[in-house]
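Since the structure comes first, as structure tokens, the remarks are kept for the end.
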Amino acid sequence: MKKLLLLLTIISSFSCCNNDDDNKPTNPIDQLPPVTQTGEQTFGCLINGELFVPPSFGSNSPSAFYQFVDGAYTFNISGSKGGGASLQSISIGGIDVNELQEITYSLYEESQNNHYGEYNIGGGITFSGTSSQENPGTLTITNFDQDNFIISGTFEFTVLDNDGNEINITNGRFDMNYTN
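In mature numbering (1 follows the signal peptide of the UniProt record, and there is no 0), the protein residues as written are -19 to -1, 1 to 161.
Shown next as structure tokens:
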């Protein structure tokens, strides 16, 4: 009888296990990686209210670089998920810009002396340069640690698809180690 009771207790404990999936938040903003500033290799945002978080490892994992080349700074922070026709990627950067600081930058189009935001989807379709002078996107650098090669911050911008519909990239956040 004791063996049967022990067996029933063990079976009961397995069937009552708490499933972490049951405790996941359902609101997309609550599913974004936490805001950190310690080089956690996180990247995420909402695309028209839908969650976008690249995988932590592999070819689509987030990446960042910051380089001084030919007398100017160039940087890029990006993340991708999916593949082929379902590929989505976000890229925020600057070409031939001043040294980065812990401030807010306006995001316009990808060109020299500009900071920009891009949204790419499978098949090589890139949406960028649609933020206007009146309504630019923003990139806020909240931590720029050149000794430990960490860059952290937030971003948001809007691009237009080929039919002129807005694609809103909001609540963006990143905490990355960058290569130099």
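The C-beta atom is built at its ideal place from N, Cα and C for all residues, glycine as well.
Leaving aside the five residues before and after residue i along the sequence, list all residues of the same chain whose C-beta is less than 6 Å from its C-beta, in chain order.
i	result
S61	P35, N41, S70
F136	I73, L120, G153
Sort the options by Cα distance to residue i and report the nearest one.
i	options	result
residue 226	G74, T17, Q48	Residue 226 is absent from the structure shown; the chain starts at -19 and stops at 161.
T7	G25, L32, Q22	L32
S67	N101, V50, F24	N101
Y159	Q12, G30, Q22, T107	Q22
G30	P9, F130, L13	P9
N143	F125, F130, T107, M157	T107
L27	Q12, F38, F130, S37	Q12
D126	D51, G25, N161	N161
N124	Y86, G65, T17	T17
M157	G65, N95, N4, N57	N57
Among the residues of its own chain, which have a CB less than 8 Å from the CB of residue i, if the five just before and after it don't count?
i	result
E91	G74, I76, Y97, E99, S109, G110
Y54	Y47, Q48, G75, D77, V78, N79, E80, L81
G63	N41, Q69, G103
Under three-state DSSP, which class holds residue i?
i	result
S67	helix
N94	coil
D77	strand
residue 163	The structure shown does not extend to residue 163, since the chain is modelled only from -19 through 161, so no value can be given for it.
Q82	coil
Q12	helix
N57	strand
N4	helix
N161	coil
N41	coil
V50	strand
G30	coil
G118	strand
P36	coil
Spatial neighbours of residue i within its chain, please: CB distance less than 7 Å, with the 5 preceding and 5 following residues excluded, ordered by chain position.
i	result
I122	L81, Q82, E83, I84, I132, G134
Q93	I76, D77
Assign residue i to one of two classes, buried (16 or more other C-beta atoms within 10 Å of its C-beta) or exposed (fewer than that).
i	result
G105	exposed
T19	exposed
S59	buried
P15	exposed
F155	buried
S44	buried
G145	exposed
G39	exposed
G25	buried
Could you check whether the Cβ of residue i sits closer than 7 Å to any Cβ belonging to chain D?
i	result
G60	Judged by its chain identifiers, the structure shown contains no chain D, having just a single protein chain.
Any chance you could list the beta strand (DSSP E) runs of at least 3 consecutive residues sitting entirely within the segment 121 to 159, in chain order? Counting only runs of 3 or more, we get 131 to 141, 147 to 158.
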